[in-house]
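Colleague:
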Amino acid sequence: MKPGVGLLVVLILVSCGSSKNRDATTNAHLNQWIADRSFEIESNFAMPMNTVAVSAVLNSSILGPGNNSGQINLIGNPNYLRIKGDSVYAELPFFGERRMGGGYTNRDTGINIEDIAKDYAVTTKRGMYIITFSAKDKQGNEAYNFILNLSPNLNANFSVNSTQRTVMQFRGAVAELQEKEQDSE
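For any residue, its number in this note's numbering is found by taking its place in the sequence shown, counting from 1, and adding 894.
1) For Asp1009, write down the residues that DSSP places opposite it in a beta bridge.
2) Along the chain, which unbroken stretches of the beta strand (DSSP E) at least 3 residues long are found entirely within the stretch 1004 to 1063?
3) Taking 8 Å as the threshold, find out whether the stretch 960 to 973 comes into contact with the stretch 931 to 942 through three or more Cβ pairs.
4) Should the stretch 1031 to 1040 be regarded as contacting the stretch 929 to 940, the criterion being three or more beta carbon pairs within less than 8 Å?
5) Out of Tyr1014, Gly990, Thr1017, state which residue places its alpha-carbon closest to the alpha-carbon of Gly1004.
6) Given Ser1078, which residues of its chain have a CB within under 6 Å of its CB, disregarding the five upstream and five downstream residues?
7) Would DSSP call Asn967 helix, strand or coil?
8) Which residues share a DSSP beta bridge with Met941?
9) State the CB to CB distance for the pair Thr1049 and Ala1037, rounded to an integer number of angstroms; the pair is presumed to be in contact (CB under 8 Å).
10) Does DSSP classify Leu1071 as helix, strand or coil?
11) Taking the C-alpha atoms as reference points, what is the distance between Leu975 and Phe1040?
12) Give me the Cα-Cα distance between His923 and Thr1018, rounded to the nearest whole angstrom.
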């Protein structure tokens, strides 16, 4: 074996052996936010379910350069998923197919939720927190199931499954829920 190849193999083995598999509970701040049910996720990317219709529309450059049917950049577009006690608040964009429901004059085309979280459960798996719950939209017409994956480095990936729409996935960052100051006028 050549000395350069042997050195490369040793470096690869050392780098693999020294990588630390972080446990979900290693981040004290994240642990506290989850225990208090007080955190917020802002998404940087949306990943719609890739169907023929969605691909045809989103790959037509309607969303601007760098966006396609596989991933849509949300940076600069306000969106959130907030957990505050037993309540869930969400304002998320939707890019996909609506299978049923909705009206012709409906202005809330995104995922808009202000509800009590039902079947809220927290587990850990593969070094991440897995949080599952369900909630209804603001009108109470559409039900959503959420699966959140929160890593100790504060990355968040979550999927939203709806009774009336195709599945959406989002990727962003989790942070402590900041209390908004009320303007007293």
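Cβ coordinates follow ideal geometry from the N, Cα and C atoms, glycine included.
Modeller: On the basis of the coordinates in this document:
1) Answer is Val982, bridged to Asp1009.
2) 1005 to 1010, 1012 to 1019, 1022 to 1030, 1037 to 1044, 1049 to 1056
3) Verdict: yes, contact present.
4) no
5) Gly990
6) In this predicted model, Ser1078 has a pLDDT of only 41, less than 50, meaning its place in the structure is not dependable; the value taken from the coordinates is given anyway. Same-chain partners within the cutoff: there are none.
7) Correct three-state label for Asn967: strand.
8) Gln1063
9) First, the amino acid is wrong: residue 1049 is Asn here, not Thr. Their Cβ separation, rounded to whole angstroms, is 27 Å, which puts Asn1049 and Ala1037 out of contact at 8 Å.
10) Under the three-state reduction of DSSP output, Leu1071 falls in the coil class, being neither helix nor strand.
11) Using only the alpha carbons, I get a separation of about 10 Å.
12) If I take the Cα positions, the gap works out to 16 Å.
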